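Numbering (this note's numbering), first residue to last: 17 to 514. Think of the CB as a built atom: it goes at the ideal place given N, C-alpha and C, for glycine as much as any other residue. For clarity, every value in this text was computed on a predicted model and none was experimentally measured. Down below is the structure, laid out as structure tokens.
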Amino acid sequence: MFLLIVCVNASGLLLARVAARSREFAMRAALGAGKVRLARLAFAESILLAISAGGLGVFFSWALLKVFLRLAPTSIPKIEHASLDLRVFAVAAALSLTCGVAIGLWPALSSLRAGTFGAGSRSTAGLRPRARFALIATQVALTVALLGSSGLLLHSLWNLVRIPLGFQSEQTFTMAVTLSAAHYPDPQSQTALFDHVLARMRAAPGTIAASWSNASPLGSYAITTGFPVDGAAAAREAGMLRLRYATPGYVETFRIPIVKGRAFQEADRDGRPVAILSEAAERILFPGQDAIGHTIKPLWGPWHEVVGVVRDIRSAGLTRNGEPEVYLIRNRHAESMRSGTIALRTALSATDATRLLKQSLASVDPQLPSDVKTVTEEVAHLTARPRFLAALLVAFAGLALFVAAVGLYAVVSFLVTQRTRDIGIRIALGANPSVIAMQAAGEAIYWILTAELFHTASTDAWSWASTVGLLAISLLLALITPMLRAVRIDPAITLRAE
């Protein structure tokens, strides 16, 4: 759309240029130049302009590519392989020629008219201003659409980052750990390492809660399609259920609200296996019932008693509602699980918390690699792509607004120049300067309002009102200089020039 706005703007400027050269075209026609030759001259200028602009565009693309790659989120597939090659140059050349044809067609046809009828005085416009203002109106309408889309996307992004996650991410840190099969071959050695790390973290000053799980709330997870319940042999079909293993402290670490029942306790690790359900999982596995006290059985493992129900969390993404989740206690005699995530909620700073996590792990096994992240960073990663797209759209919308303002300024300035004699006579006859200024910009304002009011039926009133207000202020500012030029015309100089 930005390319279309630029083409419309360039076409309007070339139309004004053809009108300004109407005497030249008339003289060329009088000296024997044919209509086709005049049209070819105007057309060639537009092609040359488009090719030059395309070359500059390729240069700026090359210069800004590294900045683009630095700002782009890694979630965009193969973004790191983006580069300028022959295909880019071919597309740029094709677009340049296409745009040259698009912006040059109308001025070329107008040059025929200028060469035939443009031999009047200097104050003769050669072309009716209405055609040029129609292009401005089209450009303003496209700019409103682009600005409005940017506003809607920003509004959507604002709503997205304010969506409740179902847990609290502030002051929470995670560390992914993977144990080698050679050094930790059995569940006992694996459990012992994680328990020692958690014990050191819980004993550190500033620690609020610490836990282990096979996945953080926004991490990967196992999926199962159903659970046998209350001793039944057959599994109750429940669609896709997310399955997480966790130690006591998991609910407290992420501050997942408990709806009923309780969280995991340390005594649960040596007794009968227990489970916690999300609200969505309770509705699916025990419709219309209280799940507390019932039993469920994963496809691999013993029966677990349901001891609590917690709020749904948005583990599948910010744009999806809470998915059904089952949390199973990680007891001391569980099956082998060599990888997991250690989570810490602390009052310490990010630097101190990171140091605590790494030192706690290194004190047990210095050879283990660690990757510490804040949960806030994980949440920000989910919004990285929409934030990047919003930034791109806002940037293009800002450029479109600038182009529209420049185009309006150029057309109104040209109109003031073309109407110099008329304005000079009005001033000589005593016309009020404010009336002259409003007449100079009046038709432009009319076309701007016409283009903008076309979009007032949108459902998001806030976004469109902001868009129309911003565009109106910007374009009206672009009219100040032509209006001042109009009221400062010296009628004596104007009439002597005629």
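Please go through the same chain and pick out, in chain order, the residues whose beta-carbon is closer than 6 Å to the beta-carbon of residue i, but skip the five residues on each side of it.
{"i": "LEU364", "result": "GLY222"}
{"i": "LEU394", "result": "In the sequence as presented, Leu is not what sits at residue 394; that position holds Glu. Around GLU394: LEU234."}
{"i": "ALA467", "result": "With a pLDDT of 48 at ALA467, under the threshold of 50, the modelled position of that residue is not reliable, and the figure given next carries that caveat. Cβ neighbours of ALA467 beyond the five flanking positions: ALA153, VAL156, ALA157."}
{"i": "TYR266", "result": "SER227, SER229"}
{"i": "TRP319", "result": "THR311, LYS313"}
{"i": "GLN184", "result": "ARG271"}
{"i": "GLY333", "result": "none"}
{"i": "ALA108", "result": "GLY70, VAL74"}
{"i": "PRO264", "result": "PHE280, GLN281, GLU282"}
{"i": "THR269", "result": "ALA225, SER227, ALA359, ARG361"}
{"i": "LYS389", "result": "THR190"}
{"i": "THR392", "result": "SER185"}
{"i": "ALA416", "result": "PHE18, ILE21, THR159, LEU162"}
Taking DSSP as the reference, what is the three-state secondary structure of residue i?
{"i": "LYS82", "result": "helix"}
{"i": "LEU259", "result": "strand"}
{"i": "HIS320", "result": "strand"}
{"i": "PHE270", "result": "helix"}
{"i": "ALA6", "result": "The first residue shown for the chain is 17 and the last is 514, placing residue 6 beyond what the model contains."}
{"i": "GLU40", "result": "helix"}
{"i": "THR399", "result": "coil"}
{"i": "GLU339", "result": "coil"}
{"i": "LYS94", "result": "coil"}
{"i": "GLN243", "result": "Sequence inspection shows Phe at residue 243; the Gln mentioned does not correspond to that position. Reduced to three states, the DSSP call for PHE243 is strand."}
{"i": "SER331", "result": "coil"}
{"i": "LEU293", "result": "strand"}
{"i": "SER227", "result": "strand"}
{"i": "LEU181", "result": "coil"}
{"i": "ILE312", "result": "strand"}
{"i": "ALA135", "result": "Its pLDDT being 45, under 50, ALA135 is placed unreliably by the model, and nothing is read from it."}
{"i": "LEU100", "result": "coil"}
{"i": "LEU344", "result": "strand"}
{"i": "GLU393", "result": "helix"}
{"i": "LEU409", "result": "helix"}
{"i": "GLN383", "result": "coil"}
{"i": "ARG53", "result": "helix"}
{"i": "GLU61", "result": "helix"}
{"i": "ASP306", "result": "coil"}
{"i": "GLN206", "result": "helix"}
{"i": "ASP286", "result": "coil"}
{"i": "GLY414", "result": "helix"}
{"i": "GLU186", "result": "coil"}
{"i": "GLY70", "result": "helix"}
{"i": "GLY116", "result": "helix"}
{"i": "HIS199", "result": "coil"}
{"i": "SER232", "result": "coil"}
{"i": "GLN281", "result": "coil"}
Classify residue i as buried or exposed, calling it buried when 16 or more other Cβ atoms lie within 10 Å of its own Cβ.
{"i": "VAL24", "result": "buried"}
{"i": "PHE243", "result": "buried"}
{"i": "PRO289", "result": "buried"}
{"i": "ARG285", "result": "buried"}
{"i": "LYS94", "result": "exposed"}
{"i": "GLN375", "result": "exposed"}
{"i": "MET256", "result": "exposed"}
{"i": "ASN175", "result": "exposed"}
{"i": "GLU341", "result": "buried"}
{"i": "SER232", "result": "buried"}
{"i": "GLN206", "result": "buried"}
{"i": "GLN187", "result": "buried"}
{"i": "PHE41", "result": "buried"}
{"i": "ILE179", "result": "exposed"}
{"i": "LEU169", "result": "buried"}
Check the DSSP bridge columns for residue i and list the partner residues they point to.
{"i": "GLY213", "result": "Reading the sequence as shown, one finds Val at residue 213 and not Gly. Partner(s): none; VAL213 has no beta bridge."}
{"i": "MET191", "result": "ILE358, VAL388"}
{"i": "GLY423", "result": "Answer by DSSP bridge pairing: none, since GLY423 is not bridged."}
{"i": "LYS276", "result": "VAL325"}
So, at 8 Å on beta carbons, what are the nonlocal neighbours of residue i in its own chain, with the 5 sequence-adjacent residues on each side left out?
{"i": "LEU81", "result": "ALA98, SER99, LEU100"}
{"i": "VAL325", "result": "ILE274, VAL275, LYS276, GLY277, ILE292, LEU293, SER294, GLU295, GLU298, ALA307, ILE308"}
{"i": "GLY338", "result": "GLY182, SER294, GLU295, ALA296, ARG327, ASP328, ILE329, ARG330, SER331"}
{"i": "LEU209", "result": "LEU195, TYR200, VAL380, ASP381"}
{"i": "VAL245", "result": "ARG252, LEU301, PHE302, HIS310, THR311, ILE312, LYS313"}
{"i": "LEU85", "result": "ILE95, GLU96, ALA98"}
{"i": "VAL104", "result": "VAL74, SER77"}
{"i": "ILE496", "result": "none"}
Between which residues of its own chain and residue i is the CB-CB distance below 7 Å, once the five residues before and five after are set aside?
{"i": "PHE404", "result": "LEU87, ALA88, PRO89"}
{"i": "ARG216", "result": "SER376, SER379"}
{"i": "ARG354", "result": "THR194, LEU195, ALA197, TYR200, GLN206"}
Comparing the C-beta of residue i with each C-beta of chain B, is any distance below 8 Å?
{"i": "SER227", "result": "Of the protein chains in the structure, only one exists, and it is not chain B."}
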